[in-house]
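The numbers in numbering that gives the first Met the number 0 rise by one with no breaks, and the one at position 295 of the sequence shown is 294.
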Amino acid sequence: MSKSHPRHLKKWVLAVLIVIAVAAAGTIGWRLYERGQTPQETAAAITPTSTSTPEPTPEVSSFSLFMSGDGLIHGTVWMDAQQSDGSYDFHNIMENMGTLSQGYDLVYYNQETILGGTELGLSGYPTFNSPQEFGDTMVDLGFNLVSTANNHSLDKGETGIDRSTSYWKKQAETSHTVMAGTYNSQADHDDLPVYEVNGISYCFLSWTYGCNGLEPPAGKEYLVNIYSGHEEELLNQIRQAKAKADVVLVAMHWGTEYDDEANEEQKTLAQEMADAGATVIIGCHPHVIEPIEYLNNGTSIVYYSLGNMVSAQDQLPRLIGMVGGITITKTTVNGESTISLSDAKADLIYTYYEHFTNFKVIPFKDLDDVHLPDHQAIYDQYSKKITEYDSSIQVGGFE
């Protein structure tokens, strides 16, 4: 009597199991087919499904900021703007600045000279007082951020600040212009208003290194923000502003006159201000342009010096100014917001005049050799200064 081979038995068992599996799968498939399900639906029916929470949609808003330098109104500038009826009109001198800044949400300049008006008595260098019509022109051209803390803030003492501040308060009521840096009361000085543009909140601060040796009267230190010896007060104000607003804009009157490099104080203060929460630091005072650079991995930026916007200074570097632009974006996800900077750019302008008359601020892109001989070579030379510290800054791009 013969015996079955073990290998034959294993093959037989395996065949039976395969038949049973195929039959079971066919039964399941037939039952699903009878219910009208397609093969794709059948596959889905036997495939485990997983549920996932959709990604939240970010809320994104932004605003654009335009920056220009010192409105340094020498006597010959306001004399050139005088009309036959004795009034003053600076539109012809400044009109190109309105074209350059058109379309920007916030438009900044530094009012270097006191706007005490004709009633106070107009004057030029070294203790300035300028016609308030210059401010009228700048507001008409769309400028809505004005810094007034600088080394000429006390040129006409408390009276000059009172008249200038009162003027800008009226502009705030009618044109929503924001002024910072000088004040006519302790309450105004201590206030830290928060403004809003396109759904983004911001604070605007303004400080100067000093006032050409002049000091506010005792007990009235509030008249002008002076940071020398009060650096911690400056940094604390930035921290307070950052706690209240999305964006902190800081105008700084600092640096070394006629030096086109940022000095060590500027660099140190800029880093400290960025660490404290400053978003954009806007520098003036040297009367010549200085470079631009991002700080803290691009979360802050400093324009060390924008130079003169308009003046009657008589040497070439001092007649060249800078305009700057940047986009500030707020992104909110699940109630958490972040601020980012983009499209940082700058370009050059030139104050043209002949025999201290016919003043005109002209972008270099609109210059010719009649206005400035060798203007293209001069532009090539000075535009390199813009990117000296940071090659990512765009040169040009203004209409």
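Don't be surprised by glycine CBs; every beta carbon is placed ideally from N, CA and C.
- Take the alpha-carbon of E157 and the one of P215: they are about 8 Å apart.
- With 16 or more neighbouring CB atoms inside 10 Å of its own CB, G70 falls in the buried class.
- Y226 is not a Cβ neighbour of Q185, given a cutoff of 8 Å.
- If the five residues before and after S200 are omitted, its C-beta is found closer than 6 Å to the C-beta atoms of V193, A244, D245, all from its own chain and listed in chain order.
- The three-state secondary structure of L119, taken from DSSP, is helix.
- The continuous alpha helix (DSSP H) containing F133 extends over residues 132-139.
- Judged by DSSP in its simplified three-state form, P362 adopts strand.
- Here S304 is bridged, per DSSP, to E289.
- DSSP places H252 within a strand segment (E or B) once states are collapsed to three.
- If you look at L144, you'll find it in the beta strand (DSSP E) that goes 144-146.
- Each of K155, A148, Q265, K344 was checked against the Cα of F203, and the nearest Cα belongs to A148.
- In this structure, DSSP gives G209 a state outside helix and strand, which the three-state scheme calls coil.
- Within 10 angstroms of the beta-carbon of A376 lie fewer than 16 other beta-carbons, which makes it exposed.
- With a cut-off of 8 Å on Cβ pairs, the segment 91-100 is in contact with the segment 357-370, counting three or more such pairs.
- The beta carbon of V223 sits closer than 6 Å to the beta carbons of A148, S152, T181 from its chain, once the five residues preceding and following it are set aside; these are given in chain order.
- When the beta-carbon positions are compared, P290 and Y303 come within less than 8 Å of each other.
- Just so you know, the alpha carbons of H175 and N143 end up roughly 7 Å apart.
- Counting along the chain, Y352 sits inside no alpha helix (DSSP H); it lies in the beta strand (DSSP E) bounded by residues 335-353.
- Excluding five sequence positions before and after Y388, the CB atoms of its chain that fall closer than 6 Å to its own CB belong to P290, E292, given in chain order.
- Per the DSSP secondary-structure output, G282 pairs in a beta bridge with M251.
- Shortest Cα-Cα distance from Y257 to any of C283, T56, I300, G396 involves C283.
- Fewer than three Cβ pairs drawn from the segment 82-89 and the segment 338-352 lie within less than 8 Å of each other, which leaves the two stretches out of contact.
- Contact between I280 and M321 is ruled out by a C-beta separation of about 14 Å, above the 8 Å threshold.
- Taking every protein chain shown into account, the CB of D342 has fewer than 16 other CB atoms within 10 angstroms, so this residue is exposed.
- Here the alpha carbons of A179 and S146 stand approximately 5 Å from one another.
- Taking a 10 Å sphere around the C-beta of G297, we find fewer than 16 other C-beta atoms and assign the residue as exposed.
- In the structure shown, the three-state DSSP call for T52 is coil.
- For H354, the closest of T267, L121, D365, D313 by C-alpha to C-alpha distance is D313.
- Secondary structure at D161: helix, using DSSP grouped into helix, strand and coil.
- Burial check for Q236: the Cβ neighbour count within 10 Å reaches 16 or more, so the residue is buried.
- In the structure shown, the three-state DSSP call for L233 is helix.
- Taking every protein chain shown into account, the CB of G102 has fewer than 16 other CB atoms within 10 angstroms, so this residue is exposed.
- Checking the DSSP bridge columns, you'll see T181 partnered with V223.
- Residues of the same chain with a CB within less than 6 Å of the CB of D135, apart from the 5 flanking positions on each side, do not exist.
- The criterion of a C-beta distance shorter than 8 Å is not satisfied by L294 and A275.
- In terms of CA proximity to A311, P125 leads the group G115, P125, S63.
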